[in-house]
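Colleague:
Shown next, in the form of C-alpha cells:
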C-alpha cells in the first residue's frame, strides 16, 4: 500500500513539475516551441487515458483467418501496409495471435541458405496480449515493454474482441503522429482532379490549400492555431470524421474524407462549391464562430 501511495505521489510531483516548466516557459525570453509544449501536455494527459481511449475499434481492425494461404497473406500485408496483423479462428472473437511481416521475409530466402518455408499461418503465428478496455495505457505500455509483445487485443466483458492497440498507438499519444514510408508522399500533398476539385493530404499546409481554393478558409485568429487541412476539418466538426463523410465549410467548400483511421485524417477530396468571385476575401468577424461548425456532416 505504501508503495502504491508512493507511486501516486511521484506521479503527482511529476505533473506539478511539468506544469511549472510550461508556466515558466511562457514568461521566459525563450518560450517552449509548439512541439515541445504539445509533447509535455500529452505526457500530462497520458496517465489519465484508458485503453478504450486509444484503441482501434473492432470495425476498423484488419485481421486474417488462420486458414488463409501464405500467398494470400502476403497480399493482405501489401494492401494493409501494417507490420503486424491479428490472426483469428472462425471469427474475430476467437483470436489466436498475430503474424509479423518480418516472419514472411524468410519466404524470399533461398532454401540453400537453410530457410524453412512455412506451409501455413500456424507456423509463424506469435502471441499477443489480451487486455480489458479499462486498463490504463501506462500499464499497457509497461506490459508491452516487459513482454516484448507490441500488439494487444482488447477483450470485452463477454470475451469478444472489442479493439486493438499497438505500441505505436501508445507512443503517438505522446509524440504525435508517426509517419512512415507508407504515408502520404510530401510531393503529393495536393493533386488537381478537375476545375474546382482536388485531392489533398490531411497534412497539407492550410495556406497552400487556400491558394488553390482561391479564398481564405480561416480568419486571422484561427490561422494562428490551425496549420493543416486536417486541423481545419477537425475544427469544423470537433472530432475525426469517418471515411466517406462529407464536411461542409460555410465559405463554400466541401471536404470528403477519402482515407482516415479512428485517430487521424489521412487524405481528403476538396470541392469548391461556391464560385471564387462570390467567396469572401476574408471571413467576417461575426461569422468566425460559424466557420468552426459545418453546415452539414453526412456520410457519403
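Residue numbers (this note's numbering): 147 to 446. Think of the CB as a built atom: it goes at the ideal place given N, C-alpha and C, for glycine as much as any other residue.
#1: What do you get for residue 294, buried or exposed, if any count of 16 or more other CB atoms within 10 angstroms of its CB means buried?
#2: Once you ignore the five residues that flank residue 249 on each side, which residues in its own chain have a CB closer than 6 Å to its CB?
#3: In whole angstroms, what separates the C-alpha of residue 209 from that of residue 313?
#4: Assign residue 347 to buried or exposed, taking buried as 16 or more other Cβ atoms, counted over all protein chains shown, within 10 Å of its Cβ.
#5: Closest by CA to residue 287, which one among 384, 195, 345, 393?
#6: According to DSSP, simplified to helix, strand and coil, what is residue 420?
#7: If contacts are defined as beta-carbon pairs under 8 Å, then residue 200 and residue 319 qualify, I think. What distance do you get, rounded to the angstrom?
#8: Are the beta-carbon atoms of residue 245 and residue 224 separated by less than 8 Å?
#9: Opposite residue 304 in the DSSP bridges: which residues?
#10: Reducing DSSP to helix, strand and coil, say where residue 208 ends up.
#11: For the alpha helix (DSSP H) that residue 371 lies in, which residues bound it at each end?
#12: Between the alpha carbons of residue 235 and residue 243, how many angstroms are there, rounded?
#13: Near residue 405, what residues of its chain come up, given a Cβ to Cβ distance below 6 Å and the 5 sequence neighbours on each side ignored?
#14: State the Cα-Cα distance for the pair residue 366 and residue 212, rounded to the nearest angstrom.
#15: With which residues is residue 235 paired in a DSSP beta bridge?
#16: Name the DSSP beta bridge partners of residue 415, please?
Modeller: If we stick to the structure as given:
#1: Classification for residue 294: exposed.
#2: 270
#3: 17 Å
#4: buried
#5: 195
#6: DSSP places residue 420 in coil when its eight states are reduced to three.
#7: 6 Å
#8: no
#9: Answer by DSSP bridge pairing: none, since residue 304 is not bridged.
#10: coil
#11: It is not in any alpha helix (DSSP H) - residue 371 carries neither H nor E in the DSSP assignment.
#12: 10 Å
#13: So the list reads 412, 413, once near-sequence residues are dropped.
#14: 55 Å
#15: 237
#16: 345, 402
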